[in-house]
Amino acid sequence: MAVVVMGVSGCGKSSIGEMLAGKLDGAFIEGDALHPAENIAKMSAGTPLTDADRFPWLDRIAAQMSARLEGGQPVVASCSALKKIYRDRLRAAAPGHVRFVFLKGDQALLHARMSTRPGHFMPASLLTSQLATLEDPSGEEGVVTIDIALAPEEIVARALDEIRQSAA
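What follows is the structure in structure tokens.
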């Protein structure tokens, strides 16, 4: 099984993804680490990414997920996956085996988190464009939606419960 922890910047994808991977005895793929240098430069400058910017990045994540699954290892990846076409691109890496955990949060909380992250390339100024781009996946098959106001341990516990129920 592959799990993509998704949402806008500042929602906790990396932290929750690492915790979830640990609970599943799986590998963790940090999606931000797979961005091409051009994407990081654009975001650092406050320029939102386009679909054309994101597709090669999504393909890198999908390839790593697929390789881990072929090796028989569960995998958890962090990836914003803001649009359905992005999620579908990731689903194609392992048809029927990809689940999403959508970390949903209030704009004020997200902004506060982004404003206090040391050394991250994504400026808080891009939050508005990310929220505008986001196509809420709540209700899509294989998607678990969890409020980021919960404690990280509770988010992970709820995600595991719902993922296991959907896989049964």
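The opening position of the sequence shown corresponds to residue -11 in our numbering, with each subsequent residue numbered one higher. Every residue gets a Cβ at the ideal spot worked out from N, C-alpha and C, and that includes glycine. Please read all numbers here as calculations on a predicted model, not as lab measurements.
TODO: Quick one: grab the DSSP three-state call for residue 78.
DONE: The residue given as residue 78 occupies position 90 in the sequence shown. Three-state DSSP puts residue 78 in a helix.
Open item on the list: Out of 65, 119 and 130, which one is the CA nearest neighbour of residue 36?
Closed with: Translated into positions along the sequence shown, residue 36 becomes position 48. It is 119.
Task: Distance between residue -8 and residue 31 (C-alpha atoms, nearest Å) - done: Here residue 31 corresponds to residue number 43 of the sequence shown, with the count starting at 1. Here residue -8 corresponds to residue number 4 of the sequence shown, with the count starting at 1. Looking at the two C-alpha atoms, the distance is approximately 21 Å.
Task: Nearest-angstrom Cα separation, counted from residue 121 out to residue 15 - done: Your numbering for residue 15 matches position 27 in the sequence shown. Your numbering for residue 121 matches position 133 in the sequence shown. Approximately 28 Å, taken between the alpha carbons.
Task: Cα-Cα separation between residue 117 and residue 93, rounded to whole angstroms - done: Taking the first residue of the sequence shown as 1, we reach residue 117 at position 129. Taking the first residue of the sequence shown as 1, we reach residue 93 at position 105. Rounded to the nearest angstrom, the two C-alpha atoms are 15 Å apart.
- [ ] Note the first and the last residue of the continuous alpha helix (DSSP H) segment covering residue 53.
- [x] As a working mapping, residue 53 is identified with position 65 in the sequence shown. Counting along the chain, the alpha helix (DSSP H) containing residue 53 begins and ends at 39 to 58.
Task: residue 20 in three-state terms, based on DSSP - done: Counting from one through the sequence shown, the residue named residue 20 turns up at place 32. Residue 20 falls in the helix class under three-state DSSP.
Open item on the list: Using the three-state DSSP reduction, which class does residue -11 fall into: helix, strand or coil?
Closed with: Taking the first residue of the sequence shown as position 1, residue -11 is located at position 1. Here residue -11 sits in coil by DSSP.
- [ ] Determine, using beta carbons only, whether residue 82 comes closer than 8 Å to chain D.
- [x] The structure shown contains no chain D; it is built from a single protein chain.
Task: Nearest to residue 0 (by Cα), restricted to the options 71, 12, -10 and 18 - done: For this step, residue 0 is matched to residue 12 along the sequence shown. With distances taken between Cα atoms, residue 0 lies closest to 18.
Open item on the list: Within 10 Å of its beta-carbon, does residue 151 have 16 or more other beta-carbons around it, so buried, or fewer, so exposed?
Closed with: On the sequence shown, residue 151 is found 163 positions in, with the first residue counted as 1. Buried is the call here.
Open item on the list: Under DSSP, the alpha helix (DSSP H) around residue 28 begins and ends at which residues?
Closed with: In the sequence shown, the residue the question calls residue 28 occupies position 40. Where residue 28 is concerned, the enclosing alpha helix (DSSP H) stretches over 25 to 32.
Task: Alpha-carbon spacing of residue 74 relative to residue 46, whole angstroms - done: Here residue 74 refers to the residue found at position 86 of the sequence shown. Here residue 46 refers to the residue found at position 58 of the sequence shown. Approximately 7 Å between the Cα atoms of the pair.
Open item on the list: Considering Cα atoms alone, identify which of 114, 143, 61 and 140 is closest to residue 34.
Closed with: Along the sequence shown, one-based indexing puts residue 34 at 46. Taking only the C-alpha atoms, the option nearest residue 34 is 114.
Task: residue 73 in three-state terms, based on DSSP - done: Position 85 of the sequence shown, counted from the first residue, corresponds to residue 73. Three-state result, residue 73: helix.
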